[in-house]
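Working notes, structure below.
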Amino acid sequence: QQQVKQSPQSLIVQKGGISIINCAYENTAFDYFPWYQQFPGKGPALLIAIRPDVSEKKEGRFTISFNKSAKQFSLHIMDSQPGDSATYFCAGVVYNQGGKLIFGQGTELSVKP
Amino acid sequence: DAGITQSPRHKVTETGTPVTLRCHQTENHRYMYWYRQDPGHGLRLIHYSYGVKDTDKGEVSDGYSVSRSKTEDFLLTLESATSSQTSVYFCAISQTGSEGGYTFGSGTRLTVV
Numbered sequence: 041q042q043q044v045k046q047s048p049q050s051l052i053v054q055k056g057g058i059s060i061i062n063c064a065y066e067n068t069a070f071d072y073f074p075w076y077q078q079f080p081g082k083g084p085a086l087l088i089a090i091r092p093d094v095s096e097k098k099e100g101r102f103t104i105s106f107n108k109s110a111k112q113f114s115l116h117i118m119d120s121q122p123g124d125s126a127t128y129f130c131a132g133v134v135y136n137q138g139g140k141l142i143f144g145q146g147t148e149l150s151v152k153p
Numbered sequence: 041d042a043g044i045t046q047s048p049r050h051k052v053t054e055t056g057t058p059v060t061l062r063c064h065q066t067e068n069h070r071y072m073y074w075y076r077q078d079p080g081h082g083l084r085l086i087h088y089s090y091g092v093k094d095t096d097k098g099e100v101s102d103g104y105s106v107s108r109s110k111t112e113d114f115l116l117t118l119e120s121a122t123s124s125q126t127s128v129y130f131c132a133i134s135q136t137g138s139e140g141g142y143t144f145g146s147g148t149r150l151t152v153v
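So the sequence lines, in the order shown, correspond to chains A and B.
Numbering-wise, the numbering used here puts 60 at position 20 of the first sequence, and it's gapless, one number per residue.
Numbering-wise, the numbering used here puts 101 at position 61 of the second sequence, and it's gapless, one number per residue.
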């Protein structure tokens, strides 16, 4: 069974700092790796995604770094803001299995002003 | 969330009673999914559908059944609710091969007493 493991479980960062969340996956069946952001009382929403043939993807303050050989990827949030306080999930997607999203356990990020 | 609605938003039910949650989409997407969200576990896939009357199990399907008689509706049924099924349930929709193209509903908070 495909699994995605995420750390840390919670993270506190000062405003303007860099938030880093790490994920590791256990097999190579995933077709791409999205990150989702979830605010309290809401469903997850796509933040940024990367394919396994790309080592880095940047969108604004958010960057995914991908290490295929180590089966690891991470989310970096530059210049973290209090509005970034949310729960973040990494995930893997397998197209030939109904496009299932397999999520990591989640990281609760708190950005202090 | 645009294009996808879940009902009810909140429900309290007694152990042993049947419960049905509804997911309705207006996007005509082929794929629909039911997830449950619990602290420390992230979101775990219960069942998914890849077309009308075509469904398959996810990683935590025991105690749950689903039905999809129309493209727009995907029902999740707890045949005999147990306290371990107290959770927040999310429905999601996606198009084939759409990177990150998963839209989540706002969730149903179910409490089994």
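Ideal placement from N, C-alpha and C gives every residue a C-beta, glycine not left out.
If you check each beta-carbon in the segment 74-93 of chain B against every beta-carbon of chain A, the ones closer than 7 Å belong to GLY80, HIS81, GLY82, LEU83, LEU85, TYR88, TYR90.
Within chain B, the residues ASP41, PHE144, SER146, GLY147 have their CB atoms less than 9 Å from the CB of LYS82 (chain A), given in chain order. DSSP places LYS110 (chain B) inside the beta strand (DSSP E), whose first and last residues are 104-110. For GLN43 (chain A), no CB of chain B lies under 7 Å from its own CB, so it is not counted at the interface with that chain.
Pairing SER120 (chain B) with GLU112 (chain B), the inter-Cα distance amounts to about 25 Å.
Close to chain A, meaning a Cβ-Cβ distance shorter than 9 Å, are the following residues of the segment 96-109 of chain B: ASP96, GLY98, GLU99.
Counting only residues of its own chain and dropping the five nearest sequence neighbours on each side, PHE130 (chain B) has a CB closer than 7 Å to the CB of TYR75, GLN77, LEU83, PHE144, GLY145, GLY147. The beta-bridge partner set that DSSP reports for VAL151 (chain A) consists of A:VAL53. The CB of SER47 (chain B) never comes closer than 7 Å to any CB in chain A; the least such distance is about 14 Å. Distance from the CA atom of LYS93 (chain B) to the CA atom of LEU115 (chain B), rounded to whole angstroms, is 11 Å.
In this chain, GLN137 (chain A) is not harboured by any beta strand (DSSP E), its DSSP state being neither H nor E.
Chain A has a Cβ within less than 7 Å of the Cβ of PHE130 (chain B). Taking all protein chains shown into account, PHE70 (chain A) has 16 or more neighbouring C-beta atoms within 10 Å of its C-beta and is therefore buried.
In this structure PRO74 (chain A) is buried. Its beta-carbon is surrounded by 16 or more other beta-carbon atoms within 10 angstroms. Between the segment 105-124 of chain A and the segment 46-65 of chain A there are three or more inter-stretch CB-CB distances shorter than 8 Å, so the stretches are counted as touching. Out of B:VAL59, B:HIS69, B:THR55, the CA that lies nearest to the CA of LYS110 (chain B) is found in B:HIS69.
Residue contact with chain A for SER134 (chain B): present (Cβ-Cβ distance below 7 Å to some residue of chain A). Residue-level contact by beta carbon fails for GLN54 (chain A) and chain B, as no gap is shorter than 7 Å.
The beta carbon of SER95 (chain A) lies closer than 6 Å to those of PHE106 in the same chain, with the five residues before and after it left out. For GLY100 (chain A), not one C-beta of chain B is nearer than 7 Å to its own C-beta.
An exposed status is given to THR151 (chain B), since fewer than 16 other beta-carbon atoms sit within 10 Å of its beta-carbon. In the structure shown, ASP78 (chain B) falls within a strand segment according to DSSP collapsed to helix, strand and coil. Comparing alpha-carbon positions, the option among B:ARG62, B:SER127, B:TYR142 lying closest to SER134 (chain B) turns out to be B:TYR142.
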